[in-house]
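Q:
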Amino acid sequence: MRGDLGMKIAIVRGVPETFSAALRQREPPTPIDVPRARAQHRRYVEALRSLVDRVIEIPPDDRFPDCCFVEDTAVVVGDRGVVTRPGAPSRRGEEEAVAEVLAALGTTCLRMPEGATLDGGDVLFTGRELFVGRSRRTNDRGIAFLAEAFPEFPVHPIDLPGGLHLKSVVTRIDERRFALYRGAAEIFGGIERVNPEYRAIPIPDAAAANCLVIGGTILHLAPYPESSSVFTSLGLQSLPLEMSELTKADGGLTCLSILLGSPHAASTLHSALHLLHYEGFGGGRQ
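Residues 162 to 447, numbered by our numbering, are exactly what the sequence shown covers, in order.
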């Protein structure tokens with residue numbers, strides 16, 4: 162999850178050899194093709210490079226098949242963050258490498274305590290408040306800890322009747338518009354009650370509702386022709402990406418990065434990348 166201020170930096174993590182064992186709600190019609198997943202991930206990273214100032218790549222860790230879904234490991238707003246305690250026990254440990262990168266970048270981070278669970282994919286930051294999905298992966302203690310970490314932003318829990326994460330069905334487009342899977346109107350009702358000015362843009366395909374807006378560009382899943390026609394009508398530059406192998410593991414576009422924007426990011430970036438290089442992260446490619 163991200164907050165946008167100033168210079169934009171993206172943190173990503175590679176696809177591990179063990180990705181075929183990633184968690185998923187149901188088995189896909191065909192097995193995950195790991196080399197193809199890596200190729201699709203590379204195209205995603207290339208797209209980010211064209212839209213942000215720097216991309217920092219953390220190498221994959223084969224102990225964690227889901228580690229490329231880096232969004233779930235941290236919630237960052239401005240120069241402060243929360244290192245999460247992922248809801249799935251098999252994912253606990255992924256957050257350590259991300260925490261080291263955030264610390265090197267000068268982000269002040271709090272660590273989520275034992276008993277609290279939260280996945281970053283359940284956190285929707287609007288710039289005014291935080292909506293948090295109460296889900297199989299995010300519990301009340303995790304939501305309460307997030308509220309304590311960001312006291313200046315109201316935190317509103319949203320109950321999820323099914324699915325994986327809040328942002329599996331709704332993502333922010335701009336200050337007022339949200340991409341919403343048209344089958345999830347009940348979930349958006351909880352958002353509308355907080356601010357009636359918020360407007361849902363119905364997306365026909367469930368997988369396509371998870372989109373990523375950076376500046377004036379919207380990244381969205383391809384092919385999904387009906388949903389793509391909605392995205393191209395929004396007044397933004399449309400950038401479709403084919404991510405078939407990553408979606409087999411319930412992954413979306415926001416899942417694959419943490420976007421940072423911080424007033425002090427530019428001044429700390431060079432020293433941070435130097436530090437990360439010598440600590441074995443491979444540095445940030447520039």
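The beta carbon of each residue, even a glycine, is placed where N, CA and C say it ideally should be.
Treat the numbers as computed from the prediction; the structure is a model and nothing was measured.
Around the C-beta of Asp320, are 16 or more other C-beta atoms found within 10 angstroms, so that it is buried, or is it exposed?
A: Asp320 is exposed by the Cβ-count criterion.
Q: Looking only at its own chain, which residues have a Cβ that is under 7 Å from the Cβ of Arg210, when we skip the five neighbours before and after it?
A: Closer than 7 Å at Cβ, skipping near neighbours: Val216.
Q: Counting C-beta neighbours from all protein chains within 10 Å, is the total for Ser394 16 or more, i.e. buried, or is it exposed?
A: Result: exposed.
Q: Which whole-angstrom value is the C-beta distance of Arg302 and His326, which I expect to be below 8 Å?
A: Contact flag wrong, Cβ pair sits at about 18 Å.
Q: Where does Ala426 sit, in a helix, a strand or coil, going by DSSP?
A: Summary for Ala426: the model assigns pLDDT 43, below 50, so the residue's position carries little reliability; its value from the coordinates is reported in the next sentence. Reduced to three states, the DSSP call for Ala426 is helix.
Q: What are the boundary residues of the alpha helix (DSSP H) that includes Glu403?
A: Element bounds for Glu403: not the alpha helix (DSSP H) but the beta strand (DSSP E), 398 to 403.
Q: Would you identify the three-state DSSP class for Leu407, choosing helix, strand or coil?
A: Correct three-state label for Leu407: helix.
Q: Just reading off the beta strand (DSSP E) that Phe286 is part of, what are its end residues?
A: Here the beta strand (DSSP E) through Phe286 covers 284 to 286.
Q: From which residue to which residue does the alpha helix (DSSP H) around Asp301 run?
A: Note, Asp301: alpha helix (DSSP H), 301 to 310.
Q: Assess contact between the stretch 369 to 389 and the stretch 332 to 342, defined as three or more Cβ pairs (one per stretch) separated by less than 8 Å. Is contact present?
A: Yes, since at least three Cβ pairs between the stretch 369 to 389 and the stretch 332 to 342 fall closer than 8 Å, the two stretches touch.
Q: With DSSP collapsed to three states, give me the class of Pro363.
A: Strand.
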